[in-house]
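Enquirer:
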Amino acid sequence: MFRQILDKVRENVPLVHNITNYVTVNDVANVLLACGASPIMSDEPDDVEDITSICAALNINIGTLNQQSIAAMFKAGRRANALQHVLVLDPVGAGASALRTNTALQLMEELRFTVIRGNISEIKTLMLGSGSTKGVDADIADAVTEENLPEVIAALQHFAAQKQCIVAVTGAIDLVADAGRCYVIRNGRAEMGKITGTGCQLSALIAAFVAANPQQALEASAAAVCVMGLAGEIAWHNMAATDGNSTYRNRIIDAIYQMQGAALDEGARYEIR
Amino acid sequence: MFRQILDKVRENVPLVHNITNYVTVNDVANVLLACGASPIMSDEPDDVEDITSICAALNINIGTLNQQSIAAMFKAGRRANALQHVLVLDPVGAGASALRTNTALQLMEELRFTVIRGNISEIKTLMLGSGSTKGVDADIADAVTEENLPEVIAALQHFAAQKQCIVAVTGAIDLVADAGRCYVIRNGRAEMGKITGTGCQLSALIAAFVAANPQQALEASAAAVCVMGLAGEIAWHNMAATDGNSTYRNRIIDAIYQMQGAALDEGARYEIR
Amino acid sequence: MFRQILDKVRENVPLVHNITNYVTVNDVANVLLACGASPIMSDEPDDVEDITSICAALNINIGTLNQQSIAAMFKAGRRANALQHVLVLDPVGAGASALRTNTALQLMEELRFTVIRGNISEIKTLMLGSGSTKGVDADIADAVTEENLPEVIAALQHFAAQKQCIVAVTGAIDLVADAGRCYVIRNGRAEMGKITGTGCQLSALIAAFVAANPQQALEASAAAVCVMGLAGEIAWHNMAATDGNSTYRNRIIDAIYQMQGAALDEGARYEIR
């Protein structure tokens, strides 16, 4: 089924507006092109309403937020909501600073997000309204394990119901939940954590996948998570002995560019709870 | 003849000031180094006049423009004009938002550009004073084809005469025109559109090539377009089975780094009309 | 001995806050991950104090400074000093514009830096309080040679004593000096100058290495310089015939990711004067 979702992205070529951090923005643009979508970036408040109007989705990532880009996030987000576009939030570093936590919470307050994707520490911060995050990585104490899985899923579904959105938590085990169902996904490799930006890339992919499959938002989000994780597996398989994290980054995007629907259906490892 | 133009870039090592978007800026810096030039980036209004003064060319790219960088574009552009430096405009997304369209038009009003390079939708927007662009990609309806080629060339040459500059339109067929002549270039591959930033890179190359060959600005611009397109062909030839758009990006810059004058003269495919 | 220093970085996983330019920021993040550290980027004045508080080191790079990021540098730097964090300055382009020169000098005036790293033209500018730099590259007239080495070392040590910090000058010969000793390092390759950002990456590495080895700040700085240079040698050895500067960039970061302590001790080429 994920095959059809990926095919739709390539047929529809959704244009995705990204207000995103300057650390991983180039990878975000290339991964959108790799999956068959089209990227545009704009974070000037006087520019974003026009830009988001011609797009199918808006991906808001607070990774290197500043007062100007925060204003742009709200303006673009309101326009995206008014136009019923797909709206994704990536709360990078929520819990690591008051500005990040508060900005993420206020964005959730004022805007209706289709999907919120983060690591477990960031999502916990949003669920609790406060938190502490080890930089932009999840705190080990927060890790999702086989043991606490039922409990974490219940909390995510409660949060998804409350916010009327899809919540995606990525880590060793990935969870994609709405109020009714939760995909538990076991694709990916630990080495992906040694590359900057796999999370940012995934949030952009989710925006594109949902934009091209608006009637199946949960499935499309889960498919994007599987695509990213599977690409991490394929890319690792393609690594030469002297390759490291920089080449791994390229190979992951390459694997998404090359990914066929059949390979996705074969390689996706998930259950629905 | 293009061989001599490339050699001059490597002999002169022109320093190119770039006010450019944060999406593709790293590739712009590396492609300038690859061709033999030297990059510097600055978009702070209080910094740009000093920086542009020590350079040979200024490359203005409005890809992620903001109010601060717009102010910097005008300040740097006036200084570059006063010093008779090469000045290039890349009107990324002109037609996609009022701010982008108006900024590009005002820059053209206030400054004398040596070269303006964009896709056909962006250039049409500048010629008409308004337009609509599909994000940062050209609208298919605007495509340059063998059929409308004479008509498009005439329009470009009229525009070039009016603005007293060189106009470069890149796409499936590339056109580089001044009031009197037009290079019609058929290098490149469609897959280059699956990488972010090949246009941004080309604008920077043009700035470097013209800076090192000021007496042959049209030829130098055409040579830069051929270098980029030919690099796309060579890089594609070097692709392994599992490579995708991220690696293709690296291989294109690598091909420019490795490009010899003889290979350029042999591989350049163009006619002059 | 450098082996233990590298091992400590991998054991401690120091979190490094970077206020850095948007040209090379992605490479800076990936090189920090490659060496075993963890990166976070933030340049919003309202965000940086919180962010730097959870880190072990702050790396200030003025490469694409603007009035907002300058304010952030001072705020974050004061907090880092108050918390006795490692504080590194990379004065990119000092000497190329009044704003860059003055900002670097004022940062040195107001803050206590643990390490200042630049090319010889930038460091000369800081030593003299003014200067002229060829863009972001060193002026050839300033080059460190075997002939002027004793004289340059004496000047650096005088400066290091005055500022009570470590000074690292990188180029064909690398020098890492405090008031009492100077490492003279001969790793690296000239081709590293054809990649944007090897200097920016090195400054970030120094921040991570000193943060993980606070009692051996001079040795840790020298180790970081050797790691970068040796990675340049290993990466060059791994280059295929068609590879150029873009792939070389990836291979250098890959080599750092793969670097073992034994290989570092074997490949490090330095003397202590």
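The listed protein sequences correspond, in order, to chains A, B and C.
As numbered in this note's numbering, the first sequence has no gaps in its residue numbers, which increase by one up to the final residue, 317.
As numbered in this note's numbering, the second sequence has no gaps in its residue numbers, which increase by one up to the final residue, 317.
As numbered in this note's numbering, the third sequence has no gaps in its residue numbers, which increase by one up to the final residue, 317.
We put the beta carbon where it would ideally sit given N, CA and C, even for glycine.
Nothing here was measured: the structure is a model prediction, and the numbers come from that model.
Give a yes or no on whether the minimum CB-CB distance between A/Ile114 and chain B is below 8 Å.
Expert: For the purposes of this step, residue 114 of chain A is taken as the residue at position 70 of the first sequence. Chain B, which has no Cβ nearer than 8 Å to the Cβ of A/Ile114, makes this no.
Enquirer: Hey, A/Asp218 and A/Val269 are a contact pair by Cβ (cut 8 Å); roughly how many whole angstroms apart?
Expert: The sequence position of residue 218 of chain A within the first sequence is 174, counting from 1. The sequence position of residue 269 of chain A within the first sequence is 225, counting from 1. Right, their Cβ atoms sit about 5 Å apart.
Enquirer: Tell me whether the segment 125-134 of chain A and the segment 207-224 of chain B touch, counting them as touching only if at least three CB pairs, one residue from each stretch, are closer than 8 Å.
Expert: no
Enquirer: Can you tell me whether B/His281 is buried or exposed, with buried defined as 16 or more other CB within 10 angstroms of its CB?
Expert: Position 237 of the second sequence, counted from the start, is the residue given in the question as residue 281 of chain B. Its Cβ having fewer than 16 others within 10 Å, B/His281 is exposed.
Enquirer: Using a Cβ cut-off of 8 Å (strictly closer), state whether C/Leu131 contacts chain A.
Expert: Walking along the third sequence from the start, residue 131 of chain C turns up at place 87. No Cβ of chain A is located within less than 8 Å of the beta carbon of C/Leu131.
Enquirer: Please report the Cβ distance between A/Ser141 and B/Gly179, rounded to the nearest whole angstrom; I am assuming they are in contact, meaning their Cβ atoms lie under 8 Å.
Expert: By one-based count along the first sequence, residue 141 of chain A stands at place 97. By one-based count along the second sequence, residue 179 of chain B stands at place 135. With a Cβ gap of about 32 Å, A/Ser141 and B/Gly179 do not count as contacting.
Enquirer: Do C/Cys99 and C/Leu59 have their C-beta atoms within less than 8 Å of each other?
Expert: Looking up residue 99 of chain C in the third sequence gives position 55. Looking up residue 59 of chain C in the third sequence gives position 15. A contact, by the Cβ cut-off of 8 Å.
Enquirer: Can you give me the C-alpha to C-alpha distance between A/Glu154 and A/Ile114, rounded to a whole angstrom?
Expert: Reading the first sequence from its first residue, position 110 is the one you call residue 154 of chain A. Reading the first sequence from its first residue, position 70 is the one you call residue 114 of chain A. If you take the alpha carbons of A/Glu154 and A/Ile114, they lie about 13 Å apart.
Enquirer: Please determine, among B/Thr96, B/Leu274 and B/Tyr301, the residue with the shortest C-alpha to C-alpha distance to C/Thr286.
Expert: Working through the third sequence from its first residue, we reach residue 286 of chain C at position 242. The residue with the shortest Cα to Cα distance from C/Thr286 is B/Tyr301.
Enquirer: Just list the beta strand (DSSP E) runs in the segment 218-283 of chain B, keeping only unbroken ones of 3 residues or longer that don't cross its boundaries, in chain order.
Expert: 218-221 and 226-229
Enquirer: So, with DSSP's three-state summary, where would you put A/Asp90?
Expert: Sequence index remark: in the first sequence, residue 90 of chain A carries index 46 (1-based). Correct three-state label for A/Asp90: helix.
Enquirer: Excluding the 5 residues preceding and the 5 following B/Ala78 in the sequence, name in chain order all residues of the same chain whose CB lies nearer than 8 Å to its CB.
Expert: Locating residue 78 of chain B in the second sequence gives position 34, where the first residue counts as 1. Closer than 8 Å at Cβ, skipping near neighbours: Ile297, Asp298, Ile300 and Tyr301.
Enquirer: Using the beta-carbon of each residue, which ones in chain C are nearer than 8 Å to A/Lys238?
Expert: Counting from one through the first sequence, the residue named residue 238 of chain A turns up at place 194. For A/Lys238, the chain C residues whose C-beta falls within less than 8 Å of its own C-beta are Leu77, Ala78 and Tyr301, listed in chain order.
Enquirer: Can you give me, in chain order, the residues of the segment 87-110 of chain A that have a beta carbon less than 9 Å from any beta carbon in chain B?
Expert: Asp87, Glu88, Pro89, Asp90, Asp91, Val92, Glu93, Asp94, Ile95, Ser97, Ile98 and Cys99
Enquirer: Tell me which residues share the same chain as B/Thr108 and place their Cβ nearer than 7 Å to its Cβ, disregarding the 5 neighbours each side in the sequence.
Expert: Mapped onto the second sequence, residue 108 of chain B falls at position 64. Only Asn65, Tyr66 and Val67 meet the Cβ criterion.
Enquirer: How would you write the range of the alpha helix (DSSP H) that A/Asn74 sits in, first residue to last?
Expert: Start at 1 with the first residue of the first sequence, and residue 74 of chain A comes out as number 30. Run containing A/Asn74: Val69 to Cys79, per the alpha helix (DSSP H) assignment.
Enquirer: Do the segment 48-56 of chain B and the segment 217-236 of chain A meet, that is, are 3 or more Cβ pairs less than 8 Å apart?
Expert: no
Enquirer: Given C/Ala116, which residues of its chain have a CB within under 7 Å of its CB, disregarding the five upstream and five downstream residues?
Expert: Locating residue 116 of chain C in the third sequence gives position 72, counting from the first residue. Closer than 7 Å at Cβ, skipping near neighbours: Ile63, Asp87, Glu88, Pro89 and Val92.
Enquirer: In chain C, which residues lie with their C-beta within 8 Å of the C-beta of B/Val69?
Expert: Translated into the one-based positions of the second sequence, residue 69 of chain B becomes position 25. The CB of B/Val69 comes closer than 8 Å to the CB of Tyr66 and Val67 in chain C, given here in chain order.
Enquirer: If you draw a straight line from the alpha carbon of A/Ala124 to that of A/Met85, how long is it in whole angstroms?
Expert: Here residue 124 of chain A refers to the residue found at position 80 when the first sequence is read from its first residue. Here residue 85 of chain A refers to the residue found at position 41 when the first sequence is read from its first residue. Those two C-alpha atoms are separated by around 15 Å.
Enquirer: How far does the beta strand (DSSP E) with B/Gly162 in it reach, from first residue to last?
Expert: The residue labelled residue 162 of chain B in the question sits at position 118 within the second sequence. Element bounds for B/Gly162: Val159 to Gly162.
Enquirer: Among A/His61, A/Val220 and A/Pro258, which residue has its Cα nearest to the Cα of A/Thr96?
Expert: Taking the first residue of the first sequence as position 1, residue 96 of chain A is located at position 52. Considering only alpha carbons, the answer is A/His61.
Enquirer: Kindly list, in the order they appear in chain A, the residues whose Cβ is closer than 9 Å to that of C/Asp287.
Expert: Within the third sequence, the letter at position 243 stands for residue 287 of chain C. Think of a sphere of 9 Å around the beta carbon of C/Asp287: no beta carbon from chain A falls inside it, the nearest being about 12 Å out.
Enquirer: For B/Arg233, I'd like the list of residues in its chain whose CB is within less than 7 Å of its CB, leaving aside the five on either flank, ordered along the chain.
Expert: On the second sequence, residue 233 of chain B is found 189 positions in, with the first residue counted as 1. Contacts found: Gly276, Glu277 and Trp280.
Enquirer: Under DSSP, the beta strand (DSSP E) around C/His61 begins and ends at which residues?
Expert: Counting from 1 along the third sequence, the entry for residue 61 of chain C is found at position 17. Taken as a continuous stretch (DSSP letters only), the beta strand (DSSP E) holding C/His61 covers Leu59 to Ile63.
Enquirer: What does a CB cutoff of less than 8 Å around A/Lys207 pick up in its chain, not counting 5 residues either side in sequence?
Expert: For this step, residue 207 of chain A is matched to residue 163 along the first sequence. Only Met152, Phe157 and Ile160 meet the Cβ criterion.
Enquirer: Grab the span of the beta strand (DSSP E) containing B/Pro135 for me, first residue to last.
Expert: Mapped onto the second sequence, residue 135 of chain B falls at position 91. It is not in any beta strand (DSSP E) - B/Pro135 carries neither H nor E in the DSSP assignment.
Enquirer: Going by other Cβ atoms of all chains shown within 10 Å of its Cβ, with 16 needed for buried, is B/Thr291 buried or exposed?
Expert: Counting from 1 along the second sequence, the entry for residue 291 of chain B is found at position 247. Result: buried.
Enquirer: Can you list the residues of chain C that A/Asn319 reaches, using a CB-CB cut of under 8 Å?
Expert: With chain A covering 45 to 317 only, the question about residue 319 of chain A has no answer from this structure.
Enquirer: Closer than 8 Å, Cβ to any Cβ of chain A: which residues of the segment 137-155 of chain B, in chain order?
Expert: Gly137, Ala140, Ser141, Ala142, Leu143 and Arg144
Enquirer: Which term fits C/Glu34, buried or exposed, when burial requires 16 or more other beta carbons within 10 angstroms of its beta carbon?
Expert: The structure shown does not extend to residue 34 of chain C, since chain C is modelled only from 45 through 317, so no value can be given for it.
Enquirer: Between C/Asp298 and chain A, is any beta-carbon pair separated by less than 8 Å?
Expert: Residue numbering aside, residue 298 of chain C sits at position 254 when the third sequence is read from its first letter. Taking 8 Å as the CB threshold, C/Asp298 lines the interface with chain A.
Enquirer: Against chain B, with Cβ distances strictly below 8 Å, would C/Asn282 count as a contact?
Expert: If you number the third sequence from 1, residue 282 of chain C lands on position 238. Taking Cβ atoms only, chain B never reaches closer than 8 Å to C/Asn282, which makes this a no.
Enquirer: In the structure shown, what three-state DSSP assignment does B/Tyr66 receive?
Expert: Here residue 66 of chain B corresponds to residue number 22 of the second sequence, with the count starting at 1. Looking at B/Tyr66 - three-state DSSP - the assignment turns out to be coil, as it is neither helix nor strand.
Enquirer: Can you list the residues of chain A that C/Asn74 reaches, using a CB-CB cut of under 8 Å?
Expert: The residue you call residue 74 of chain C lines up with position 30 of the third sequence. The contact set of C/Asn74 on chain A, defined by CB atoms closer than 8 Å, consists of Ile239, Thr240, Asn289, Ser290 and Arg293 in chain order.
Enquirer: Around the Cβ of C/Asn289, are there at least 16 other Cβ atoms within 10 angstroms (buried) or fewer (exposed)?
Expert: Position 245 of the third sequence holds residue 289 of chain C. Flag for C/Asn289 reads buried.
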